[in-house]
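Residue numbers are given in this note's numbering: position 49 of the sequence shown equals residue 49, and the series is strictly consecutive.
Heads up, the beta-carbon is just placed ideally off N, CA and C, and yes, glycines get one too.
Model, not experiment: these values are computed from the prediction.
Here the structure is laid out as structure tokens; the discussion comes afterwards.
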Amino acid sequence: MKRNIVVLGSLNMDFVARTARLPAPGETVLGDGFQMLPGGKGANQANAAARMAAGGTVVQLAGRVGTDAFADHLRASLAASGVDTAHVEAVAGTSTGIAMIWLDAGGQNSILVAPGANECVEEESVERLRPLFREAACALFQLETPLPAVKRALQAAREEGAITILDPAPACPLPRDLLELVDWLTPNETEARLLAGRELPPAAMERALLEMGARGVVLKLGAAGCFSGGELAPGFAVNVVDTTAAGDTFNAGLAVALAENRNTADALRFANAAAALSVTKLGAQTSAPTRAEVDAYCSFFVP
Ligand code: ATP
Ligand code: RIB
């Protein structure tokens, strides 16, 4: 049985500043803490998947970095979590992607991404990932790398028999021929609204997104959990410190569980638990739980 997980996506250095409240346009506010932490939606998903994977699953990340100190730091931290970064290539003369993250007292964030090298993932280059997709149970994608490359990679992953999971973040309209390549589309509420072009209750939203071409939909609903197959999978109640990358950890948990051939209900519970644990800690990758933590949490707590 194929168990590997392949992620195509972004790597960013996150500049995280905490503040009691976010500044209004034109206003300066004094914050109360700053850290540089590894991030980027692709790297976050690979990192969390590697921490939660079990039984010989290999997690491989493909993406682009610049030729700067951030690149070295991001690779080293991913390697420490067990991610295979052989397909993270350095692009001469570019800077590694960065994200400026403002985190308010309630754990909510605002994020500005300067993509840098992440924009250099070329459509043709993803063909080199075919052998990886052939050995993969799941392939994970997001939208911080160029859309033509994401689409071509979705096509290759589908042709090679991997389950394709697309996190449509940051939100952008998506064409039907791309959505038809997606086995699990996992928007949050904002992304779902933008894709469907209107606000809808979860059941109607799921139907609308299925009608747009995706084979399966999981609506991520923040603290409430997620909605799929006409049912709510309730979230776990936790103390919120930082919600950054909750969605990435959720997608990683979903992929890990599906790669183990678990049923959908089980996979959604595992993903909710992983994501809930991640919001109790600061940072995008530093907050990702280990497999032991998720298993222990799932066996002691009910949503
Ligand atoms: P991100 O903050 O990474 O952008 P997102 O906006 O993509 O996340 P959310 O719906 O906010 O997605 O959260 C993803 C998942 O994380 C939820 O489906 C849920 O499982 C979990 N989660 C998020 N916030 C909380 C919370 N406050 N308490 C418990 N679980 C949470
Ligand atoms: O999903 C969270 C991530 O979004 C952050 O790590 C930041 O780098 C942005 O890409």
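Residue i beta carbon near the ligand RIB (any heavy atom closer than 7 Å)
{"i": "Ala-271", "result": "no"}
{"i": "Thr-244", "result": "yes"}
{"i": "Asp-248", "result": "yes"}
{"i": "Ala-99", "result": "yes"}
{"i": "Asn-44", "result": "yes"}
{"i": "Ile-165", "result": "no"}
Residues bridged to residue i [DSSP beta-bridge criterion]
{"i": "Ala-13", "result": "One point to set straight first is that residue 13 is Met, not Ala, in the sequence displayed. Paired residues: Pro-38, Ile-98."}
{"i": "Phe-227", "result": "Leu-219, Leu-232"}
{"i": "Val-7", "result": "Leu-61, Leu-140"}
{"i": "Gly-33", "result": "Arg-18"}
{"i": "Asp-84", "result": "Gln-60"}
{"i": "Leu-112", "result": "Met-100"}
{"i": "Asn-188", "result": "Lys-220"}
{"i": "Leu-195", "result": "In DSSP, Leu-195 forms no bridge with anything."}
{"i": "Leu-166", "result": "Phe-141, Leu-185"}
C-alpha gap between residue i and residue j, whole angstroms
{"i": "Ser-10", "j": "Gly-97", "result": "8 Å"}
{"i": "Arg-128", "j": "Phe-141", "result": "16 Å"}
{"i": "Glu-144", "j": "Ala-296", "result": "33 Å"}
{"i": "Leu-78", "j": "Pro-234", "result": "30 Å"}
{"i": "Asn-263", "j": "Arg-3", "result": "15 Å"}
{"i": "Ala-271", "j": "Asp-248", "result": "10 Å"}
{"i": "Asp-32", "j": "Asn-261", "result": "45 Å"}
{"i": "Phe-34", "j": "Pro-23", "result": "16 Å"}
{"i": "Glu-211", "j": "Thr-94", "result": "40 Å"}
{"i": "Arg-291", "j": "Leu-103", "result": "27 Å"}
{"i": "Thr-67", "j": "Ala-204", "result": "46 Å"}
{"i": "Arg-301", "j": "Leu-277", "result": "Checking the displayed sequence, the identity of residue 301 turns out to be Phe instead of Arg. Answer to the nearest angstrom: the Cα atoms are 12 Å apart."}
{"i": "Asp-84", "j": "Leu-185", "result": "25 Å"}
{"i": "Ala-265", "j": "Ile-101", "result": "33 Å"}
{"i": "Ala-273", "j": "Phe-250", "result": "8 Å"}
{"i": "Cys-226", "j": "Glu-206", "result": "11 Å"}
{"i": "Leu-112", "j": "Gly-39", "result": "12 Å"}
{"i": "Glu-231", "j": "Ala-288", "result": "26 Å"}
{"i": "Arg-158", "j": "Glu-124", "result": "16 Å"}
{"i": "Glu-180", "j": "Gly-82", "result": "32 Å"}
{"i": "Ala-114", "j": "Val-240", "result": "27 Å"}
{"i": "Glu-27", "j": "Phe-15", "result": "19 Å"}
{"i": "Glu-191", "j": "Cys-172", "result": "7 Å"}
Among the options, the one whose alpha carbon lies nearest that of residue i
{"i": "Cys-138", "options": "Arg-75, Glu-123, Leu-166, Gly-116", "result": "Leu-166"}
{"i": "Gly-229", "options": "Ala-223, Val-241, Gly-216, Ala-114", "result": "Gly-216"}
{"i": "Thr-244", "options": "Ser-299, Ala-284, Phe-34", "result": "Ala-284"}
{"i": "Ala-90", "options": "Gly-39, Phe-70, Thr-57", "result": "Phe-70"}
{"i": "Leu-8", "options": "Thr-28, Ala-99, Ile-101, Glu-119", "result": "Glu-119"}
{"i": "Leu-178", "options": "Ala-43, Ala-136, Ala-214, Val-218", "result": "Ala-214"}
{"i": "Leu-221", "options": "Ala-246, Ala-86, Gly-161, Asp-72", "result": "Ala-246"}
{"i": "Ala-162", "options": "Pro-168, Lys-281, Arg-134", "result": "Arg-134"}
{"i": "Gly-56", "options": "Ala-259, Pro-303, Pro-289", "result": "Ala-259"}
Whole-angstrom C-beta distance between residue j and residue i, which should lie under 8 Å
{"i": "Ala-49", "j": "Val-256", "result": "6 Å"}
{"i": "Ala-208", "j": "Ala-224", "result": "That pair is no contact at about 19 Å."}
{"i": "Val-121", "j": "Ala-149", "result": "4 Å"}
{"i": "Ile-5", "j": "Ala-54", "result": "Ile-5 to Ala-54, Cβ: 12 Å. No contact."}
{"i": "Val-279", "j": "Gly-107", "result": "7 Å"}
{"i": "Ala-46", "j": "Val-29", "result": "Ala-46 to Val-29, Cβ: 34 Å. No contact."}
{"i": "Leu-37", "j": "Thr-286", "result": "6 Å"}
{"i": "Leu-254", "j": "Val-294", "result": "At roughly 12 Å, the Cβ-Cβ gap does not stay under 8 Å, so Leu-254 and Val-294 are not in contact."}
{"i": "Val-65", "j": "Ala-117", "result": "5 Å"}
Check: residue i C-beta below 7 Å from any heavy atom of the ligand ATP
{"i": "Asn-12", "result": "no"}
{"i": "Lys-220", "result": "yes"}
{"i": "Asn-118", "result": "no"}
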